[in-house]
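Here the protein sequences line up with chains L and W, keeping their order.
Under my numbering, the first residue of the first sequence carries the number 1, and numbering increases by one thereafter.
Under my numbering, the first residue of the second sequence carries the number 1001, and numbering increases by one thereafter.
One structure is given here, and the rest of the page talks about it.
Protein chains: 2
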Amino acid sequence: MKFESDPIVAEKITKMGKKVVADIFDGNAPAVSLPVRASSNVHYDKDKGLLYLGNSMSERNFLNFAHTRKFMQTMIIASKCKELIEKGKTASIRELYYELKHNIPGTKENTFEGQDESDPLIEDLETMTDSLREELHLKADSSGILFGQIVIEDTGDRIDCSKLGKSGLAIPSIVDDYKFLECDAKYVLVVETKAMVDRLVEEKYHIKNNAILIGLGGQAARGARRLIKLLNERLKLPVYVFTDGDPWGYYIYSVVKTGSMNLAHESKRLATPECRFLGMTMKDIDTFSLQKVTEQLKDVDKKRVNQLLNYEWFQKLHWRKELKSMLNKGARIEQQALASKSLEFVATEYLPGKIARKEFLD
Amino acid sequence: MKFESDPIVAEKITKMGKKVVADIFDGNAPAVSLPVRASSNVHYDKDKGLLYLGNSMSERNFLNFAHTRKFMQTMIIASKCKELIEKGKTASIRELYYELKHNIPGTKENTFEGQDESDPLIEDLETMTDSLREELHLKADSSGILFGQIVIEDTGDRIDCSKLGKSGLAIPSIVDDYKFLECDAKYVLVVETKAMVDRLVEEKYHIKNNAILIGLGGQAARGARRLIKLLNERLKLPVYVFTDGDPWGYYIYSVVKTGSMNLAHESKRLATPECRFLGMTMKDIDTFSLQKVTEQLKDVDKKRVNQLLNYEWFQKLHWRKELKSMLNKGARIEQQALASKSLEFVATEYLPGKIARKEFLD
């Protein structure tokens, strides 16, 4: 697989390698510098609506005994990524670990003892080269499903996503190479659970409303986040997010919109600040008389609501109100609770009504 | 959605209802009888290679105070399933719960307090009517992905699964309505992890070897199990299973092949006794010099190996040997550990070699 970014990323890795070689020949300690990836260095850009990584830098120095092992590991990961780029191959982060795990000649040391050693260094390399993991030709786990009025070219195949029955397209972890050949859709509807997508597909919601449906299956995987971003950016499609009415659902929305804390360095390529929240909201419970099908807030839910209340990107008045209303009611509400009205209700009334009335939380 | 089984299943539910009405008019206690779903009533049929539910029956009697609530719940679930069949609709088991959750008029009682009350009764109804859940128009969670040389008709759409790029078809929970229009594939390769399927797709394994690839993403979902069964049954395709070399992977194989204990009543429609196990095996570790990339068996792994050693369907000599060898080595081996040879190795040597040499565990 080839990406437009390949020559740039390969060049960045080469430059890093040359710097280290120069250090050695100049008689200096080989060292690389990299941004600090800790919550202390994660900030929220209110204007852009994005989490980002701040300017704090740290150094990894080969002659600092505490750094030596990580320095070695960083170098062999960087070298392997450059090889993947040159070969046009991609590897899962687990494969990368196994590819690089070996005995260091003349010692009893292994290069890596576990994937918990290689994974953080991949994130280091991403920040050092300001590249997406996928641009380093590495893959995370994929998850997510797509239906709708769009034709995608993937690896030379032309895929009409409106003709995938009730099965749908599995969203892979790398989507940067997708070409959007045709698109009649008016908007993208991002849905927390796959079961709710099944419901909407059975009601032909995507056909009747000219929508692209993306089912996340819980927290959004990187591939799904990147795809939502690309649909918004390249096709200028509005994005609406539909999750459970609980802190976990609201956080899923915020990750799609603003980015996540541990991937703050990639927000600008993974997050879609323009997306808007459709539901479920606490107001829905009263509007649609859903009191009988709420679930009681558990302690773990309450704790999470309070965490959200402290996040900088949940300080908008309507979100504070929403979260406090949840604590007051002591209740949460699931997407599928709408089935208590009727199976069709979500597709024929709830969603089209909310969109028509522009009843969003931003 | 319409199934061939619709009239038969609707008739069975009607018959059950009529029996209960007759009980009432005859002045008897309304009652239904159903098979016992407990491990004591789960047996292994050595000849067919299938787990099955035995003949122990129990009765659910409305006038037995301990049964009253469950009896009421069973009736409203059966009634709703009949309605779904007649309307040609399907519902997730969570939607069913919410659809049926309501106040019982004139009381403070709810029909259901949680999904943990409705789920077991769905399984009861399956066994009472000898129907698959899907034939009751109910859906479980879906998971799994498909690539390969097969054209499927799904809900009127013609899907060429060899033209889905690196994305692939998401396997839904209901596949009984799939029509297999064309198939050039020589076999089905069932793979435990989606990441390994990504690898095989990148190597164009499915194209070069004329194979259908099914990625499970862990334990096989019902839809994937049923699809494997249908491919084997309708198209007479051999099925090979490729999992991690650990007790969890071996159990995934046994579920695909033999059925699972808690769904023993559905083995004959979900299990594929003809399927064969390709790897990873303990012998692979020596054959391919993978000693450096094994993982140590943890206590929880050892415990699981010993459980497997006690299962009736793991008593074949080669499986006992395999499991004991795992305990002796104190090691397990993952599919992706093959990347230590080279990324391509699994696709160019490991799998084709094993299949050519018929190196299966049955």
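Where is the CB? At the ideal position from N, CA and C, for every residue including glycine.
Distances from the alpha-carbon of G1049 of chain W to those of W:A1066, W:F1345, W:A1271 and W:L1230 put W:A1271 closest.
In summary, P172 of chain L is buried, with 16 or more beta-carbon neighbours lying within 10 Å of its beta-carbon over all protein chains present.
Neighbours of I1150 of chain W across chain L, judged by C-beta separation under 9 Å, do not exist; the nearest C-beta is about 12 Å away. If you check the CB distance, A78 of chain L and L125 of chain L come in under 8 Å.
In chain order, A31, V32, L34, H67, K70, F71 and T74 place their CB closer than 7 Å to the CB of R60 of chain L, counting only its own chain and leaving out the 5 sequence neighbours on each side. For G168 of chain L, the nearest CB of chain W lies under 8 Å from its own CB, placing it at the interface with that chain.
Linking G1223 of chain W to S167 of chain L through their CA atoms gives a straight-line distance of about 11 Å. By the criterion of a C-beta distance shorter than 7 Å, G1088 of chain W is surrounded in its chain by M1001 and K1002, once the five residues flanking it on both sides are discounted.
Collapsing the DSSP output to three states places Q1296 of chain W in a strand.
When the Cα atoms are used, V305 of chain L and D1157 of chain W turn out to be separated by approximately 43 Å.
Between D362 of chain L and the set L:A347, L:Y240 and L:L327, the nearest pair of CA atoms involves L:Y240.
Going by C-alpha positions, E1109 of chain W is about 10 Å away from K1101 of chain W. Non-local C-beta neighbours of S1131 of chain W in its own chain, meaning closer than 6 Å and more than five positions away in sequence, comprise V1009, ordered along the chain.
Straight-line measurement puts the Cα of Y44 of chain L at about 16 Å from the Cα of V36 of chain L. Per the DSSP secondary-structure output, A1031 of chain W pairs in a beta bridge with W:N1061.
Taking a beta-carbon distance threshold of 8 Å, Q336 of chain L counts as an interface residue toward chain W. The Cβ neighbour count for M1326 of chain W, taken over all protein chains shown within 10 Å, is at least 16; the residue is labelled buried. Around I159 of chain L, the beta-carbon contacts reaching into chain W at under 8 Å are K1163, L1164, G1165 and S1167. For L235 of chain L, the closest of L:F277, L:Y187 and L:E203 by C-alpha to C-alpha distance is L:Y187.
By a beta-carbon distance limit of 8 Å, L1278 of chain W does not contact F1147 of chain W. Their separation comes to about 17 Å. Between L1213 of chain W and I1152 of chain W, the alpha-carbon positions lie close to 14 Å from each other. When secondary structure is reduced to three states using DSSP, E202 of chain L falls in the helix class.
Within the same chain, S173 and R222 come within 6 Å of A140 of chain L by CB-CB distance, once the 5 residues on both sides are set aside. For L1343 of chain W, the nearest CB of chain L lies under 8 Å from its own CB, placing it at the interface with that chain. The three-state reading of DSSP puts S1142 of chain W in coil, since its state is none of H, G, I, E or B. At least one CB atom of chain L sits nearer than 8 Å to the CB of D1198 of chain W. At a beta-carbon threshold of 8 Å, the residues of chain L lying near N1103 of chain W are K292, ordered along the chain. Ranked by Cα distance from F1288 of chain W, the first of W:A1339, W:D1299 and W:Q1315 is W:A1339. Of L:D299, L:L181 and L:L323, the smallest CA-CA separation from P247 of chain L is found for L:L323. Residue nearest to L1096 of chain W within the set L:E344, L:R357 and L:E4 is L:E344 (criterion: CA-CA distance). At a cut-off of 3 residues, the continuous stretches assigned as beta strand (DSSP E) that sit fully inside the stretch 1047-1117 of chain W are 1050-1053 and 1057-1061. Any Cβ of chain W closer than 8 Å to the Cβ of A91 of chain L would place that residue at the interface, and such an atom is present. With 16 or more neighbouring CB atoms inside 10 Å of its own CB, T90 of chain L falls in the buried class. Among the residues of chain L, those whose CB is under 8 Å from the CB of E1202 of chain W are M1, K89 and T90, following chain order. Contact with chain W is found for S340 of chain L, since one of that chain's Cβ atoms lies less than 8 Å from the residue's Cβ.
It is roughly 25 Å from the alpha-carbon of Y1251 of chain W to the alpha-carbon of E1349 of chain W.
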